[in-house]
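FYI, the numbering for the sequence shown is -19 to -1, 1 to 873, going by mature numbering (1 follows the signal peptide of the UniProt record, and there is no 0). C-beta: ideal position from N, C-alpha, C; glycine also. Report on the following structure.
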Amino acid sequence: MGTHCQLCFLASLVLVIHAGPIFKPTDKDKAIARDYLRNFYNLKDLMSTSDFHPEEEINPLSDKLKEMQKFFRLKVTGTLNRETLEVMKKPRCGVPDVAAYSTFGRRPKWQTNKLTYRIMNYTPDMSKAEVDESMEKALQVWANVTPLRFTRINSGTADIMISFATRSHGDASPFDGPLGTLAHAFAPSPGIGGDAHFDDDEFFTFRSSKGFVLFLVAAHEFGHSLGLSHSDVPGALMFPTYSFTDPDRFSLSSDDIRGIQSLYGPNRDKTPIQTHPEIPTTPKACDPNLILDAATTLRDETMFFKDGFFWRRSPNRTVTQLQIKSFWASAPDNIDAAYEDPVQDKLFLFKGRQVWVFNGINLERGYPKTLSSFGLPSSVRKVSAAVYDKNSGKTLLFVDKVYYSYDERAKKMDRGYPQRVESGFPGLTGEVTAAHMSNALCDGAPTTTSPEDHQIAEAYLSQFYRDPNATTFRGRMLLLPDLENELKVMQEFFGLEVTGKLDSNTLETMKLPRCGVTDVARYGHFQGSPRWKQSVVTYRITEYTSQLSKKEVDTTIAKAFQLYSDVIPLDFKQIYSGTADIMILFKAGYHGDFYPFDGPNGVLAHANAPGPEQGGDTHFDDDERWTLHSRDINLLLVAAHEFGHALGLEHSKDPLALMYPTYRYVNTNGYTLPHDDRLGVQALYGVRTSTNKPKPNPGPTPPEPCKRDLVFDAATSIRGELFFFKNGYYWKKGYYSGLSMHEIKSTWPSIDSVDAAYEFSDRDISFLFKGQQYWAVKGSTTLPGYPKLISKFGFPTYVRKIDAAVYVKSTSRTLFFVGTKYWSFNERTAQMDSGFPKTIQHHFPGIGSRVDAAFENYGYLYFSEGSRQTEYNFTSRRVNRLLLNYGWLDCY
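This is the structure we're talking about:
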């Protein structure tokens, strides 16, 4: 086995493969999409067939496509792309995916635990005994975890009537022939309620993967018969599309169990069973000794494989970790090698003596095949690595210390092979195990500064701390004395330890998303205290972002200006043509000035000081993900910051000020201009005096609990009950008291919102965090002497908010999550552990790169990233199951 360092030589070969053929949907593709959205997402109520144009983004269809893409966790574009179409073509259940559009909107359930079923007829694909056993086992799946009991009858009307039919078969949902809708079922109710129909045009099997295993399809449909709607968790039985699993190894997922038990309760007569399939141990991405199993590209993304998992690295450098089987259901559990042929738009996966070929996520017909299909000799027992070179049209297949060359155009092996690796690639003497560098996955902070770190620092200081008229460069290198002085200025500005050295805290601050305006006023924008002379300043939005509606952008921009007009005698008016004082646009990269944007999570926006022509103009980087909430980048906060510049304000050194250079989210409900910013803008324009009584700030809007995309602000347990915080409110859930919602201020009057929370149960104290402050509470009582600064815990000054916190009783440690890092606080010594922060993905593989909320419940840790939640076994350091936040709020 070679080490991961030996993978570097093929990076240039792999990285030249970026884009596959441009996808343009055909009329047939459009028809498939039209029918799919009609059947499963209620499109028929919105538009006629003649209006269907998936390639047009401004179209009612776009919302339905986004809804479908979001459900299946695809890239949400609102357009018909290849990946979306592939999912639409997968065999699936005929029940709609959105419960409100079907019979599942009122949580229907049977009022008795004793149900009957009857098999009306049989499929010719299987023996009667096999059908009977499949149906019995499928119902037993649900009986094992609930009090439900099923009895078969052979005459009369049963609660669940089961039949096999084709095309139109007596209900309002005809089948569509082979390889489309496999079956459908109706929710509990009188009459047709509970009945399950199977499409006899499909080929059903007892165990074989060469058709559709009847047991798996029936178990899914009976979930509907009992009241379950579709799940968006890919590993769940109630996921809409069919995926083969060995029936003898089948185990009901935790998501399905939680759903059915929310309707009927647990099975009190049976010892609790394993609630999830065995999950392979998640590999650690940044393990310095990591040896990859395989690496490849796939449609602009790079895939790194290890054991039963793979990392998916997108062009914007975001990395997600998935199980291989959850993405390619027909793939082997783990693989030896992989490569992409972008000309054919095919992915090749190798395991042992076999190869699987996929188009997107779909297995090509006739696969898997043996390695002999490539022309490899029978002595080859496995392929160690593979890579395709688009310039030559050849695929290199590595086997131990030799390699073969396969001509993709001629579909045959080149003559003169195999050759020794060291002869074709001088300097390499070991076995090639993958064709990409494994340490490209790592995003941890370096212990020593690398050349890349120095490049980041040089670019940062050049943009934000350097006099543009200075000449201190030699080629591309900055003279060290100037670098040291500029580092000191930057460190002093941000309140860091002033060393003039590029340490980890300084580098972390440089990597934070921020404004594009310089931090040292004498170097650029604000000489002479510029200000607007008139009392009404006009603004115009010339280009909008596609990530929010125009109405949302207009409203948010107006709110940002109002933060200033509330405190100074200046009014703002939006115009829709001509030249305004402040011209506003959203655009990525180069956009008409001398300050091009740099892509996601760097410079968010910039603005010019008041003045003629470009004075006051404000530009937003449309590569950022703009939102109106805490996820990604909140437009109101960034716009208000930039308009501060457009009014003449410089950057502030106060970490709590709106004009602080780096971005941090704060709750925007009832948000007003912070003290430092108010003093600054009033020094330029004076104080607004008005005889009108100011309107009180409206209270926060109660959040909606049963939204699949629900994101928690924070979560914790307090005295045996769970608390979930969102937008100034919290849900409280207790075993006996059930679920209730309360405004935070009604319980703790000095706290209006919560970023993070944890309970130190040994002392019956809970801690609630907001920004750089925290409160200690006992039940509903806030302890005296609070709030205090989070620096009391030992956090550096650049930490401006805690994302999440959780106390681990077995270690007496509290874990604090900030961005992509976490700290460990020793509750016994009241000190931060040394060696922190560390990278979340490195030490908690499988939970995501960030944590929005965290809590402990019955020995498990629960980590939320966005709407997705991971149940985690801290002792074994393994992911236990995947959930959605809203499941805790009695929503399914």
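- Counting along the chain, the unbroken alpha helix (DSSP H) around Thr490 starts and ends at 485 to 491.
- Cβ contact annotation for Lys375 (same chain, cutoff 8 Å, sequence separation greater than five): Tyr369, Ser386, Tyr387, Asp388, Glu389, Asp395, in chain order.
- Annotation: the stretch 295 to 370 contains the following complete segments of the beta strand (DSSP E) (minimum length 3 residues), in chain order: 300 to 304, 318 to 322, 327 to 332, 335 to 340, 366 to 370.
- Take the alpha-carbon of His435 and the one of Asp484: they are about 11 Å apart.
- Setting aside the 5 residues that flank it on each side, Arg148 is surrounded in the same chain by Pro155, Phe156, each with a C-beta closer than 6 Å to its C-beta; the list follows chain order.
- In the three-state reduction of the DSSP assignment, Phe774 falls in the helix class.
- In this structure, DSSP gives Tyr788 an extended state, which the three-state scheme calls strand.
- Look at Ile522 here: in three-state DSSP terms it is strand.
- DSSP, reduced to helix, strand and coil, places Gly715 within a strand of the structure shown.
- With a threshold of 16 other beta carbon atoms within 10 Å, Asn648 meets it and is buried.
- By a beta-carbon distance limit of 8 Å, Ala627 contacts Ala588. Their separation comes to about 5 Å.
- Leaving aside the five residues that flank Thr186 on each side, the residues in its chain whose CB is nearer than 6 Å to its CB run, in chain order, Gly192, Val194.
- Taking Ile141 as the centre and dropping the five residues before and after it, the same chain places the C-beta of Tyr98, Gly175, Ser206 closer than 6 Å to its C-beta, in chain order.
- Distances from the CA of Pro221 to each of Asn125, Asp227, Leu209 were compared; the closest alpha carbon is that of Leu209.
- If the five residues before and after Lys47 are omitted, its C-beta is found closer than 7 Å to the C-beta atoms of Val57, Gly59, all from its own chain and listed in chain order.
- With fewer than 16 other CB atoms across the displayed protein chains lying within 10 angstroms of its CB, Ser359 is exposed.
- Contact between Gly829 and Glu852 is absent: CB atoms are separated by about 13 Å, not below the 8 Å threshold.
- Taking a 10 Å sphere around the C-beta of Asn20, we find 16 or more other C-beta atoms and assign the residue as buried.
- Cβ-Cβ distances below 6 Å link Pro72 to Leu160, Leu163, Tyr223 in the same chain, with the five nearest sequence neighbours on each side left out; the list follows chain order.
- For Pro169, same chain residues with a beta-carbon under 6 Å away, outside a window of 5 residues either side, are Pro89, Lys90, Trp91, Gly175, Gly208 in chain order.
- Rounded to whole angstroms, Ala276 and Arg858 show a C-alpha spacing of 25 Å.
- Membership of Ser727 in the alpha helix (DSSP H) is indicated by the continuous run 725 to 728.
- Secondary structure of Gln121 (DSSP, three-state): helix.
- In this structure, DSSP gives Ser731 a state outside helix and strand, which the three-state scheme calls coil.
- With contact defined as three or more Cβ pairs closer than 8 Å, the stretch 581 to 598 and the stretch 539 to 546 are not in contact.
- In the three-state reduction of the DSSP assignment, His165 falls in the strand class, which pools E and B.
- Comparing C-alpha distances from Gln555 to each of Ile565, Glu439, Val548 shows the shortest one belongs to Ile565.
- Per DSSP, reduced to three states, the secondary structure at His150 is coil, with no helix or strand assignment.
- Residue pairing from DSSP places Val799 in a beta bridge opposite Lys802.
- Of the other Cβ atoms in all chains shown, fewer than 16 fall within 10 Å of the Cβ of Gln595; this residue is therefore exposed.
- A residue is called buried once 16 or more other Cβ atoms fall within 10 Å of its Cβ, and Val668, having fewer, is exposed.
- Counting every other CB atom within 10 Å of its CB across the protein chains shown gives Asp500 a total of 16 or more, marking it as buried.
- The beta carbon of Tyr571 sits closer than 7 Å to the beta carbons of Pro577 from its chain, once the five residues preceding and following it are set aside; these are given in chain order.
- For Gln822, the enclosing alpha helix (DSSP H) has its first and last residue at 821 to 824.
- Secondary structure at Arg612: coil, using DSSP grouped into helix, strand and coil.
- Judged by their CB atoms, Pro684 and Asn708 are nearer to each other than the 7 Å cut-off.
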